[in-house]
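For reference, the structure discussed in these notes is given below.
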Amino acid sequence: MSEELDEEVLDGLTEVEKLYTVFHGASQEDVAYAKLFWNSLSLQPPIESRLVSSDIRQRLKVAKTPNTTNAAANQAPWSKRNEEIQQDAYLRQKQEEKQRYMEMAKNRDQIIALLKKQRDERIKAMTLLLESLVSVVLLESDQLWYYTKTRYILYSILCLLCCVLSFIVLLKDELTLHFCIHRSLNLDYSTSFCCWKTLLL
């Protein structure tokens, strides 16, 4: 029995072990047991160096249940519905902005028309005033030489002031009109009207 075991152990040894494992002064049975003992005490690699740990259960990914596909199929109509709602809200917002801009443009046109009307009225009033002054000067031109020199100078200054005043009024109307056109883009109707009224007065 022991001889058969020795032969099996010796046959199981590699050529390298046969060459480098030497026992002097021992029987073949002792040599076989000694080699078997040393082979059983060979160091195993640490747990950190192993790809798979022997004391931890390795689990594969769990297959998806059929309910997940049903949930995804149920979420598709909801996502489509949400997209439709967002699209409708976006279109409604764009329509409201367009309507607001159209109202602002309409109010601006009305205010510009009002300013032009007031400007025409001022020009008309100033023209009538100048015509009346010129007519008075022409009618009394024959008698001016009989008045004093101071009165003649006063008439000249009055005519000059009327011309300057008319020029200032026209210039103010032009500046007010341009100012109102630019400001109407950023202010509402009530605020713009108050600013224009203050400037005109």
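In case it helps, numbering that gives the first Met the number 0 puts the sequence shown at residues 0 to 200.
Cβ atoms here follow ideal geometry from the backbone N, Cα and C, with glycine treated the same way.
Does the beta carbon of residue i sit closer than 9 Å to a beta carbon anywhere in chain E?
i: K93; result: The structure shown contains no chain E, having only a single protein chain.
For residue i and residue j, what's the separation of their Cα atoms in angstroms?
i: E95; j: Q85; result: 15 Å
i: L128; j: R91; result: 56 Å
i: E120; j: E83; result: 56 Å
i: E130; j: R118; result: 18 Å
i: L114; j: D108; result: 10 Å
i: K123; j: K105; result: 27 Å
i: W77; j: I111; result: 51 Å
i: E28; j: K34; result: 10 Å
i: Y100; j: Y89; result: 17 Å
i: Q98; j: N81; result: 26 Å
i: K93; j: K116; result: 35 Å
i: I156; j: M103; result: 46 Å
According to DSSP, is residue i part of a helix, a strand, or is it coil?
i: A112; result: helix
i: A124; result: helix
i: W144; result: Any reading at W144 must be qualified, since the residue scores a pLDDT of 48, below 50, and its modelled position is unreliable; the value itself is stated next. Note: W144 maps to coil in three-state DSSP.
i: A88; result: helix
i: S78; result: helix
i: A25; result: coil
Under 6 Å Cβ to Cβ from residue i, same chain only, skipping five residues before and after it: list those, please.
i: A25; result: none
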